[in-house]
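Undergrad: Residue numbers (our numbering), protein chains in the order written: chain A, 2 to 410; chain B, 2 to 410. We put the CB at the ideal spot given by N, CA and C, even for glycine.
Protein chains: 2
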Amino acid sequence: MSLEFTNDSPGLTDVPGFRVGAAGCDIRNKGLDRLDLTLVVADRPCVAAGVFTTNDVKAGPVRYSQTVLAASAERIRGIVGNSGNANACTAAQGDQDAAAMAQLAATAVGFPSDAFLVCSTGRIGELLPMTKVAEGIKVSAARLTRDAAEGVRSANAILTSDTRPKSCSARFTWEGKVVTVAGIAKGAGMIEPNMATMLAFVCTDAAASPAELKTALKSASDQSFNCVSVDGDMSTNDTVLLLASGAAGVAVGASAPAALRALFQEALDQVCFALAEKIVGDGEKITKVVSVEIEGARSRADAEKIARAIGNSLLVKSSWFGEDPNWGRLADAAGYARTGLDETKLDIFYDDVPAVLGGRPLPENKPRWKQVVQAARFAVRLKLNLGDAKFRLLAADLTDGYVNYNKSE
Amino acid sequence: MSLEFTNDSPGLTDVPGFRVGAAGCDIRNKGLDRLDLTLVVADRPCVAAGVFTTNDVKAGPVRYSQTVLAASAERIRGIVGNSGNANACTAAQGDQDAAAMAQLAATAVGFPSDAFLVCSTGRIGELLPMTKVAEGIKVSAARLTRDAAEGVRSANAILTSDTRPKSCSARFTWEGKVVTVAGIAKGAGMIEPNMATMLAFVCTDAAASPAELKTALKSASDQSFNCVSVDGDMSTNDTVLLLASGAAGVAVGASAPAALRALFQEALDQVCFALAEKIVGDGEKITKVVSVEIEGARSRADAEKIARAIGNSLLVKSSWFGEDPNWGRLADAAGYARTGLDETKLDIFYDDVPAVLGGRPLPENKPRWKQVVQAARFAVRLKLNLGDAKFRLLAADLTDGYVNYNKSE
């Protein structure tokens with residue numbers, strides 16, 4: 002019954018019944034060497050769920066996938082994804098191109114046209130080069146396999162300015178049957194060259210209804226993808242998809258024993274959290290991953306507001322880059338989150354070293370907390386002492402490299 | 002009756018009946034050459050109003066000044082301000098030190114102790130060096146004068162990482178009597194070395210009640226100081242103060258003729274807006290001032306949300322730095338303000354050059370809009386075509402210099 006987690010696994014090919022193929026079709030106009038298209042295909046119809054950007058401006062593939070899930074979430078056969086072009090801010094043609102990608106993928110593998118979900122990431126405001134995309138889909142379809150090497154190629158094909166592929170797998174056994182959950186992702190705060198986008202594809206051979214799957218994915222996302230921040234810019238294309246084939250013969254939904262449901266949720270949570278952590282750790286030109294931990298808030302919403310104010314403050318992020326334990330900026334950002342913070346009750350820690358207790362600075366600890374911020378990963382913890390709620394945000398520093406990387410196309 | 006506006010005036014010494022003095026008292030431990038303390042003193046009791054940071058974490062001087070204004074807004078005799086230390090996050094001792102500054106100032110010029118307002122800006126989390134501050138107040142008091150040169154020294158004494166003093170004056174004549182409004186300010190997004198703070202002191206010889214003055218100042222601030230952003234970090238110390246001596250013999254409050262009230266408001270608006278514009282233009286290591294103009298929103302609040310999302314987006318600000326007309330990032334940030342934007346109605350302009358109309362990109366205009374973003378000042382305009390409301394935010398770019406300047410103490 003215990004859970005086995007594998008970091009940096011080959012990814013989706015770890016799940017029995019799923020095949021992947023990847024191709025380079027030169028969407029970026031920079032040659033065919035770079036992988037930029039991938040297909041994920043299930044051997045049998047899957048139940049699927051998605052979590053999408055809440056941006057008012059949604060890319061064509063986001064709108065398309067949402068429509069497909071609303072109509073046919075129980076007969077999904079796969080995902081077609083590309084990097085290099087986000088197909089966002091492309092008006093009606095963008096919607097047509099997203100639908101055409103799904104149609105091309107379905108035709109290539111012999112499934113109905115409403116069986117594919119579509120994801121794009123990259124430059125925005127430009128039309129997809131559909132001739133190239135069609136060729137990429139054809140090549141990817143011809144390569145479909147469960148070989149681990151193709152799993153890695155697939156994880157690479159969705160990357161933009163990420164420096165490495167992101168994948169992991171979790172596996173557990175229930176009554177002699179093995180259930181696998183595996184995922185791949187690409188990062189946030191990355192620009193190719195125009196837009197930050199986070200994509201994650203998670204597949205499993207467990208069985209569940211669309212509603213059950215959506216609940217499980219929402220819960221996992223809230224604890225992972227929604228708790229990370231690189232630069233605070235939410236994309237037009239952010240998408241997390243979960244496909245469940247049921248091939249393992251293990252139903253994990255509402256009628257399943259509580260222990261099994263918990264096991265599946267834990268597997269999904271671990272996969273999503275590991276992918277989210279990889280996204281922050283590979284944030285664009287970052288040098289630090291900082292866990293912003295807010296405790297003792299009146300509500301989770303208050304704790305989240307404070308964590309995001311800190312995690313998105315230019316002054317705070319610049320000081321992390323400089324390894325400067327600048328707790329004053331933490332207190333300032335916490336204050337302008339305007340949750341009704343009581344400064345006289347505020348404790349601030351770097352890892353376990355107190356810098357402020359009850360609103361009073363402890364300058365004598367400075368040598369110790371200066372040590373903490375030298376590390377590539379550390380925590381800043383604010384105890385508000387107002388209640389029991391908490392929130393944790395994984396954030397990154399802001400570097401001169403980020404600004405220079407993003408200053409032009 | 003016409004209004005005469007003078008940019009870069011000597012500042013507060015332009016107003017008859019106000020004297021200023023400034024001193025260097027080495028609050029930064031870097032020698033006495035740098036001015037870091039100033040007194041502003043009125044020859045007769047003033048009515049005063051203030052607008053303060055809404056940060057939950059308020060500095061000692063902010064709390065002190067708010068208390069004084071609540072109790073004795075009709076008998077204010079002046080302001081004592083310092084740079085180099087914000088007296089913020091300094092617990093009970095900070096409150097005592099702020100009160101002591103007011104007491105020292107009052108004693109030095111022979112007024113009651115509740116006659117002075119107090120402002121501090123600079124490093125946070127450290128106690129004020131009160132012996133030095135006391136000496137600075139004594140020296141400043143001895144220098145009190147209406148000489149223009151001292152006015153300039155006073156404007157310099159409140160600066161932190163600003164590169165130049167900020168001052169302006171407006172003057173009008175009503176029934177043969179001259180009314181003057183003059184102000185000085187220090188900038189936002191500036192760190193000395195720990196905290197962004199905006200301070201502005203405005204003096205006039207017009208007469209008004211505390212409530213009238215507060216209304217006038219609130220209105221002027223909402224159109225000026227509250228419409229600028231350098232880095233989105235709100236300080237613990239932000240303060241705008243307005244002192245009205247009545248010495249000109251012109252009452253500008255509710256009982257005044259509408260034309261006179263309008264004239265005074267216009268003078269105050271011009272002074273506040275010019276100071277706010279100087280603050281953005283001298284934002285830390287910035288290279289561009291960009292007017293973010295949102296039109297056709299359903300409400301002013303919606304327009305403001307979108308303007309702030311754009312003005313505080315790291316990706317947008319980085320692209321301004323790179324003179325990259327990246328309208329996709331504008332659309333993305335506008336979308337994640339989540340006001341119910343309709344992408345198919347959205348128009349985007351650089352100055353007057355359309356980049357997007359009705360959600361459709363106009364790539365043929367790219368050479369023209371690339372030209373616009375070369376300038377040190379330009380506008381990005383989003384027409385939402387959903388209503389009649391609008392908001393304008395003056396914002397700055399984000400540079401590698403900002404990050405490197407702020408990465409350590």
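1. Please classify B/E75: is it buried, with 16 or more other beta-carbons within 10 angstroms of its beta-carbon, or exposed?
2. Are at least three pairs of beta-carbons, each pair with one atom in the stretch 46–55 of chain B and one in the stretch 392–404 of chain A, less than 8 Å apart?
3. With distances taken from CA atoms, which of B/E285, B/G123, B/T288 and B/V381 is nearest B/A334?
4. Residues of chain A with CB under 8 Å from B/N407, in chain order?
5. Please confirm if A/T68 has its CB atom under 8 Å from at least one CB of chain B.
6. Enumerate in chain order the residues of its own chain whose CB-to-CB distance from A/E294 is below 6 Å, with the five nearest sequence positions on each side excluded.
7. Looking at the secondary structure, which residues open and close the alpha helix (DSSP H) in which A/K187 lies?
8. Roughly how many angstroms separate the alpha carbons of A/A310 and A/Y337, rounded to a whole number?
9. Rounded to the nearest angstrom, what separates A/V272 and A/L36 at their Cα positions?
10. Which same chain residues, not among the five before or five after B/L427, have their C-beta less than 7 Å away from its C-beta?
11. Report yes if the C-beta of A/E75 is less than 7 Å from at least one heavy atom of the ligand HEM; otherwise report no.
12. Starting from B/N56, find everything on chain A with Cβ-Cβ shorter than 8 Å and list it in chain order.
13. Would you call the CB atoms of B/V16 and B/T132 closer than 8 Å?
14. I'd like to confirm the pairing. Which residues does DSSP put opposite B/Y403 in its beta bridges?
15. Under the three-state reduction of DSSP, which class applies to A/P17: helix, strand or coil?
16. Ends of the beta strand (DSSP E) at B/A43?
17. Tell me the DSSP secondary structure of B/T288 in three-state form.
18. Does DSSP put B/C273 in a helix, in a strand, or in coil?
19. For B/L342 and A/R64, I'd like the C-alpha separation in whole angstroms.
20. Strictly below 8 Å CB to CB, what residues from chain A border B/R361?
21. For my contact list, B/A186 and B/L118 are in at a C-beta cut-off of 8 Å; report their separation, rounded to the angstrom.
22. Report the residue ranges of all alpha helix (DSSP H) runs contained in full by the stretch 346–376 of chain A; include only those spanning at least 4 residues, in chain order.
23. Using alpha carbons as the reference points, say which of B/N407, B/T54 and B/Y351 lies closest to B/A89.
24. Taking only beta-carbon positions, decide if B/D232 is within less than 8 Å of chain A.
25. Would you tell me roughly how many angstroms separate the C-alpha atoms of A/P113 and A/A376, rounded to the nearest one?
26. Kindly say whether B/L394, judged by its beta-carbon, lies nearer than 8 Å to any beta-carbon of chain A.
27. Would you call the stretch 157–170 of chain A and the stretch 242–261 of chain A touching, i.e. three or more CB-CB distances under 8 Å?
28. At a CB-CB cut-off below 8 Å, which residues of chain A make contact with B/I28?
29. Please classify A/N422: is it buried, with 16 or more other beta-carbons within 10 angstroms of its beta-carbon, or exposed?
30. State the Cα-Cα distance for the pair B/V229 and B/S319, rounded to the nearest angstrom.
31. Starting from B/A93, follow its DSSP beta bridges and name the residues at the other end.
32. Can you find a C-beta in chain B that's less than 8 Å from the C-beta of A/V281?
33. Please list, in chain order, the chain A residues whose beta carbon lies closer than 7 Å to that of B/S311.
34. Please classify B/E365 as buried or exposed, where buried requires at least 16 other C-beta atoms within 10 Å of its C-beta.
35. Give me the subset of the stretch 285–305 of chain A whose CB atoms are less than 9 Å from a CB atom of chain B, sorted by chain position.
36. Which of the three DSSP states is assigned to B/K384 in this structure?
TA: Put simply:
1. Counting from one through the second sequence, the residue named residue 75 of chain B turns up at place 74. Under this definition B/E75 is an exposed residue.
2. no
3. In the second sequence, the residue the question calls residue 334 of chain B occupies position 333. Nearest option by C-alpha distance: B/V381.
4. Position 406 of the second sequence holds residue 407 of chain B. Under the 8 Å cutoff, chain A gives L315, L316, S319, S320 and G323.
5. Residue 68 of chain A sits at position 67 when you count from the first residue of the first sequence. No, A/T68 does not count as interfacial toward chain B.
6. Residue numbering aside, residue 294 of chain A sits at position 293 when the first sequence is read from its first letter. Within the same chain, A/E294 has close Cβ partners A380, R382 and R393.
7. If you number the first sequence from 1, residue 187 of chain A lands on position 186. Looking at the DSSP string, A/K187 is not in any alpha helix (DSSP H); the run it does join, the beta strand (DSSP E), is K178 to K187.
8. Counting from one through the first sequence, the residue named residue 310 of chain A turns up at place 309. Counting from one through the first sequence, the residue named residue 337 of chain A turns up at place 336. So the two alpha carbons sit approximately 8 Å from each other.
9. For the purposes of this step, residue 272 of chain A is taken as residue 271 along the first sequence, with counting starting at 1. For the purposes of this step, residue 36 of chain A is taken as residue 35 along the first sequence, with counting starting at 1. Using only the alpha carbons, I get a separation of about 24 Å.
10. Past the boundaries of the shown model lies residue 427 of chain B; chain B is included only from 2 to 410, so the question cannot be answered.
11. Although the ligand HEM was asked about, the structure shown includes no ligands whatsoever.
12. For the purposes of this step, residue 56 of chain B is taken as residue 55 along the second sequence, with counting starting at 1. Correct list: D333, G336, Y337 and R339.
13. On the second sequence, position 15 is the one that residue 16 of chain B refers to. On the second sequence, position 131 is the one that residue 132 of chain B refers to. Cβ distance not < 8 Å, so B/V16 and B/T132 don't count as in contact.
14. Position 402 of the second sequence, counting from 1, holds the residue named residue 403 of chain B. None, per the DSSP bridge assignment.
15. In the first sequence, counting from the first residue as 1, residue 17 of chain A sits at position 16. In the structure shown, A/P17 sits in coil (DSSP, three-state: anything other than H, G, I, E or B).
16. For the purposes of this step, residue 43 of chain B is taken as the residue at position 42 of the second sequence. Start and end: L38 to F53.
17. The residue you call residue 288 of chain B lines up with position 287 of the second sequence. In this structure, B/T288 counts as coil in the three-state DSSP scheme.
18. Counting from one through the second sequence, the residue named residue 273 of chain B turns up at place 272. Helix at B/C273.
19. The sequence position of residue 342 of chain B within the second sequence is 341, counting from 1. The sequence position of residue 64 of chain A within the first sequence is 63, counting from 1. Their backbone Cα atoms lie some 15 Å apart in a straight line.
20. Taking the second sequence and counting its residues from 1, one reaches residue 361 of chain B at position 360. A92, listed in chain order.
21. In the second sequence, the residue the question calls residue 186 of chain B occupies position 185. In the second sequence, the residue the question calls residue 118 of chain B occupies position 117. Not really, about 15 Å apart at Cβ, beyond 8 Å.
22. 367–373
23. On the second sequence, residue 89 of chain B is found 88 positions in, with the first residue counted as 1. If we check each option's Cα against that of B/A89, B/T54 comes out closest.
24. In the second sequence, the residue the question calls residue 232 of chain B occupies position 231. For B/D232, the answer is yes, since a Cβ of chain A falls inside 8 Å of its Cβ.
25. The residue given as residue 113 of chain A occupies position 112 in the first sequence. The residue given as residue 376 of chain A occupies position 375 in the first sequence. Computed Cα separation, rounded: 52 Å.
26. As a working note, residue 394 of chain B is residue 393 in the second sequence. No, B/L394 lies away from the interface with chain A (no Cβ there is under 8 Å from its Cβ).
27. no
28. Numbered from 1 along the second sequence, position 27 holds the residue referred to as residue 28 of chain B. Chain A residues near B/I28: none, gap ~16 Å exceeds 8 Å.
29. Any question about residue 422 of chain A goes unanswered here, given that chain A covers just 2 to 410.
30. The count along the second sequence starts at 1 and reaches residue 229 of chain B at position 228. The count along the second sequence starts at 1 and reaches residue 319 of chain B at position 318. Roughly 17 Å separates the two Cα atoms.
31. For the purposes of this step, residue 93 of chain B is taken as residue 92 along the second sequence, with counting starting at 1. For B/A93, which the question treats as bridged, DSSP gives no partner whatsoever.
32. For the purposes of this step, residue 281 of chain A is identified with residue 280 of the first sequence, where counting begins at 1. No, because no Cβ of chain B sits closer than 8 Å to the Cβ of A/V281.
33. For the purposes of this step, residue 311 of chain B is taken as the residue at position 310 of the second sequence. In the sequence on display, residue 311 of chain B carries Ile and not Ser. Within chain A, no residue comes near B/I311; the closest Cβ sits about 11 Å away, beyond 7 Å.
34. In the second sequence, the residue the question calls residue 365 of chain B occupies position 364. Exposed, by the Cβ-count rule.
35. none
36. As a first step, residue 384 of chain B must be located in the second sequence, where it is residue number 383. B/K384 falls in the strand class under three-state DSSP.
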